[in-house]
Amino acid sequence: MLNPNQCGSLPGLSTYDAVLTLFNDVKTLQRPRLKVSSLFLDIKAWFNNVDNSTLTRILRESGIPRYLVSWVSSFLGERSCTLVFQGAPGTPAPVNVGAPQGSPISPLLFLL
Numbered sequence: 033m034l035n036p037n038q039c040g041s042l043p044g045l046s047t048y049d050a051v052l053t054l055f056n057d058v059k060t061l062q063r064p065r066l067k068v069s070s071l072f073l074d075i076k077a078w079f080n081n082v083d084n085s086t087l088t089r090i091l092r093e094s095g096i097p098r099y100l101v102s103w104v105s106s107f108l109g110e111r112s113c114t115l116v117f118q119g120a121p122g123t124p125a126p127v128n129v130g131a132p133q134g135s136p137i138s139p140l141l142f143l144l
């Protein structure tokens with residue numbers, strides 16, 4: 033369901049690469065006179081405050097396969113954040129809510 037050319041949070045790929053890929057796909061499909069459309073979703077901040085245990089429960093109750101629920105739970109669990117002031121890192125603090133910024137898990141959660 034996700035485009036194989038998804039560029040978010042992948043090293044060496046940028047918005048420019050995504051635009052070029054889309055442009056190429058549109059031009060390729062227009063040559064045989066096919067109609068082309070695109071759907072863009074701005075899912076920024078949709079999962080900023082999601083609680084891992086609540087999301088896991090909802091996914092389980094929705095009939096999502098166990099392996100996928102486990103993967104989401106593992107991805108969102110046991111994360112930490114370290115603040116850096118004047119170049120000196122502080123002590124890591126646990127992060128219990130939200131999906132990592134720019135993470136490819138947000139579009140997946142949206143699809144689920």
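Using the numbering used here, the letters of the sequence shown correspond one by one to residues 33 to 144. Cβ atoms here follow ideal geometry from the backbone N, Cα and C, with glycine treated the same way.
When DSSP reads this structure, aspartate 49 sits in no beta bridge, so it has no partner.
Just so you know, the alpha carbons of alanine 125 and tryptophan 78 end up roughly 23 Å apart. Contact between the segment 80 to 89 and the segment 103 to 122 is present: 3 or more CB-CB pairs across the two stretches fall below 8 Å. Taking every protein chain shown into account, the CB of alanine 120 has fewer than 16 other CB atoms within 10 angstroms, so this residue is exposed. Of the residues Ser46, Asp49, Thr47 and Leu140, the one whose Cα lies closest to the Cα of isoleucine 96 is Leu140. Taking 9 Å as the cut-off, the Cβ atoms of leucine 45 and serine 70 do not count as close.
In the three-state reduction of the DSSP assignment, proline 139 falls in the helix class. The alpha-carbon of asparagine 128 is positioned some 26 Å away from that of glutamine 118.
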